[in-house]
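Numbering (the numbering used here), first residue to last: 802 to 1348.
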Ligand SMILES: Nc1ncnc2c1ncn2[C@@H]1O[C@H](COS(=O)(=O)NC(=O)C[C@H](N)c2ccccc2)[C@@H](O)[C@H]1O
């Protein structure tokens, strides 16, 4: 976009030649929010990357800001229009952060995808978003990118364009904070993946709510272990840069190797480690001593699914002084609440509190008829009122209307709130306790069953460290009853793996018969999705294949 022509009576616009968006703005745009620290402390570290063999690469805020500007100039020359989509295929690195900040400064919508995204899924995302540009960290181009989509390769220092984007009519003349900053394609837990559209205004409103908790200080080094395509990585970038701290991106290839993962944390001096619960499983099993030796580590933040309590207790045994934060929320508002896990965790704790929504947002509970649930200990569906709500699902108005519902407290107002699909009940103080997803509620012989309740019972067994329970349709063609099937990971310190009969008896002594799993499979590890969550469809498929 060229510098805008002066209009009669118009207030002065940015001087020509100055890139849109990098001027002294209100800080409402994603890149302005994240680079604010560059003005205050330009020489402090913004990104600290492991360079192997104990070496690190440190990028200062000034360097990150300069690279952002340089990338923006290069992309500016491709003739894209405000709001055009740019697919960004990369892991989290200083260069990919500068790249998405450059997109933000030009008000281009970035769509992060992992380098291991299958071709078919990448092409589906390029098609549905009508992407203008696909820009990748890898040298090797992707096969089959449609010809009207520009392609390029980037690294710190520059962008090499293989194919310019098709020329387009440029209609937009002004950036708006309501424009989509990014689109995150969820892992498609329910059917086809949904593109969650987040505006600049929503994501910066979330960041402000999160930073009110003062989780990180400028002296912190916040390790991020999620892929860039998962908004947990964007939360971590916001937490680190928004706090004037440094981000430590842990390469995806290393997260699953405990010795290398812990080596990156040691070498970079990480003080805070953010990740889904499964990132700790192998380190707890195989490298407890190296884990306990991380003396710089002062905090762990997790999200995405319940942290199995035996593993959480074990983590705390090895790192007794760390603060553990349970961060709950959905991609449709980036996240929602930050609740410190009590230390010590009281014996008999079955559910962790997810507390209250971050400042500026609030969680309500509704029943199946949509009425507000006020009574403590009565389970309802979490509804979120927040300035950080997503704009909608890309090209899916029906799914959007199902998720963004009229405010149950003031349905005439036109205000929308997010229906999360999550169940919770309130404690005596109004704090919330997560009770699983609505779709993890199944009917067995007419009884409503919460699968997480069975998982919780299995986790109570001293020889179990992780568990997943599914209700699997019967393989027999005679349509016999679906079977409750459990997948269990034995505890590392248990002398011998538990046997299925003992686990069934353990369940039968606390649960009604219809809640006792018929089949129990012992696994060395639970399969995980690209975002690190337990991959339940993969478990079901494994049983079908074995049948
Ligand atoms: N702390 C939790 N305990 C237990 N179940 C949970 C929890 N955090 C989510 N979840 C579950 O995960 C669902 C959201 O899944 S998601 O849309 O893929 N988004 C995420 O998982 C990550 C989310 N955007 C996020 C990013 C960064 C920080 C916090 C949360 C929620 O609706 C919950 O069912």
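Note that beta-carbon positions come from the ideal geometry of N, C-alpha and C, so glycine has one too.
Can you round the beta-carbon distance between residue i and residue j to whole angstroms, since I take them to be within the 8 Å contact cut?
{"i": "residue 1259", "j": "residue 1213", "result": "Wrong, their Cβ atoms sit about 47 Å apart, outside the cutoff."}
{"i": "residue 835", "j": "residue 1130", "result": "At roughly 19 Å, the Cβ-Cβ gap does not stay under 8 Å, so residue 835 and residue 1130 are not in contact."}
{"i": "residue 1189", "j": "residue 1003", "result": "5 Å"}
{"i": "residue 1376", "j": "residue 882", "result": "This structure leaves residue 1376 out entirely; the chain is present only between 802 and 1348."}
{"i": "residue 1333", "j": "residue 1027", "result": "7 Å"}
{"i": "residue 984", "j": "residue 930", "result": "6 Å"}
{"i": "residue 848", "j": "residue 1048", "result": "5 Å"}
{"i": "residue 966", "j": "residue 925", "result": "Incorrect: roughly 19 Å between the Cβ atoms, too far for contact."}
{"i": "residue 1221", "j": "residue 1269", "result": "With a Cβ gap of about 21 Å, residue 1221 and residue 1269 do not count as contacting."}
In terms of alpha-carbon separation, which member of the options lies closest to residue i?
{"i": "residue 1112", "options": "972, 1294, 894", "result": "1294"}
{"i": "residue 862", "options": "1093, 1041, 1314, 917", "result": "1041"}
{"i": "residue 1104", "options": "1193, 1034, 1325", "result": "1034"}
{"i": "residue 1098", "options": "1110, 860, 1024, 1169", "result": "1024"}
{"i": "residue 869", "options": "1009, 896, 1338", "result": "896"}
{"i": "residue 1136", "options": "1153, 1106, 1245", "result": "1106"}
{"i": "residue 1243", "options": "1235, 1232, 1255", "result": "1255"}
{"i": "residue 957", "options": "864, 880, 1177", "result": "864"}
{"i": "residue 1117", "options": "1102, 1134, 1144", "result": "1144"}
{"i": "residue 1267", "options": "1274, 950, 1257", "result": "1257"}
{"i": "residue 1233", "options": "1219, 1185, 1192", "result": "1185"}
{"i": "residue 1108", "options": "922, 1126, 965", "result": "1126"}
{"i": "residue 1139", "options": "1153, 1120, 849", "result": "1153"}
{"i": "residue 1239", "options": "1211, 1206, 1273, 1183", "result": "1183"}
{"i": "residue 1319", "options": "1055, 1298, 1273, 1335", "result": "1273"}
{"i": "residue 885", "options": "871, 1292, 980", "result": "980"}
{"i": "residue 1298", "options": "1324, 1284, 843, 1312", "result": "1324"}
{"i": "residue 997", "options": "1171, 1050, 1173, 1132", "result": "1132"}
{"i": "residue 973", "options": "1265, 907, 1296", "result": "907"}
{"i": "residue 1022", "options": "978, 1071, 867", "result": "1071"}
From the DSSP output, read off the bridge partner residues of residue i.
{"i": "residue 1234", "result": "1154, 1226"}
{"i": "residue 1320", "result": "1286"}
{"i": "residue 846", "result": "861"}
{"i": "residue 999", "result": "983"}
{"i": "residue 1040", "result": "Answer by DSSP bridge pairing: none, since residue 1040 is not bridged."}
{"i": "residue 935", "result": "888, 952"}
{"i": "residue 910", "result": "886"}
{"i": "residue 1245", "result": "1248"}
{"i": "residue 851", "result": "857"}
{"i": "residue 1315", "result": "BP columns for residue 1315 are empty, so no partner."}
{"i": "residue 1205", "result": "1219"}
{"i": "residue 1165", "result": "1184"}
{"i": "residue 1101", "result": "1074, 1125"}
Return the CA-CA distance between residue i and residue j, expressed in angstroms with no decimal places.
{"i": "residue 935", "j": "residue 898", "result": "16 Å"}
{"i": "residue 1158", "j": "residue 1223", "result": "14 Å"}
{"i": "residue 1160", "j": "residue 1215", "result": "22 Å"}
{"i": "residue 953", "j": "residue 941", "result": "10 Å"}
{"i": "residue 888", "j": "residue 1282", "result": "45 Å"}
{"i": "residue 1163", "j": "residue 1226", "result": "14 Å"}
{"i": "residue 1339", "j": "residue 1196", "result": "28 Å"}
{"i": "residue 1067", "j": "residue 1073", "result": "11 Å"}
{"i": "residue 901", "j": "residue 832", "result": "8 Å"}
{"i": "residue 1194", "j": "residue 1200", "result": "7 Å"}
{"i": "residue 1271", "j": "residue 1314", "result": "16 Å"}
{"i": "residue 1236", "j": "residue 1008", "result": "26 Å"}
{"i": "residue 987", "j": "residue 1017", "result": "27 Å"}
{"i": "residue 880", "j": "residue 1065", "result": "40 Å"}
{"i": "residue 938", "j": "residue 1286", "result": "41 Å"}
{"i": "residue 1015", "j": "residue 1044", "result": "8 Å"}
{"i": "residue 1331", "j": "residue 915", "result": "9 Å"}
{"i": "residue 829", "j": "residue 1089", "result": "43 Å"}
{"i": "residue 1029", "j": "residue 1134", "result": "17 Å"}
{"i": "residue 1344", "j": "residue 1252", "result": "18 Å"}
{"i": "residue 1101", "j": "residue 1142", "result": "10 Å"}
{"i": "residue 837", "j": "residue 1032", "result": "21 Å"}
{"i": "residue 823", "j": "residue 1084", "result": "In this predicted model, residue 823 has a pLDDT of only 44, less than 50, meaning its place in the structure is not dependable; the value taken from the coordinates is given anyway. Each residue's alpha carbon lies about 42 Å from the other."}
{"i": "residue 1241", "j": "residue 1337", "result": "11 Å"}
{"i": "residue 1063", "j": "residue 963", "result": "38 Å"}
{"i": "residue 1276", "j": "residue 1348", "result": "Here the model assigns residue 1276 a pLDDT of 49, short of 50, so the residue's position is not dependable and the matter cannot be decided."}
{"i": "residue 1094", "j": "residue 1054", "result": "22 Å"}
{"i": "residue 1177", "j": "residue 1166", "result": "10 Å"}
{"i": "residue 912", "j": "residue 1316", "result": "42 Å"}
{"i": "residue 1057", "j": "residue 971", "result": "44 Å"}
{"i": "residue 1174", "j": "residue 1210", "result": "11 Å"}
{"i": "residue 946", "j": "residue 1148", "result": "55 Å"}
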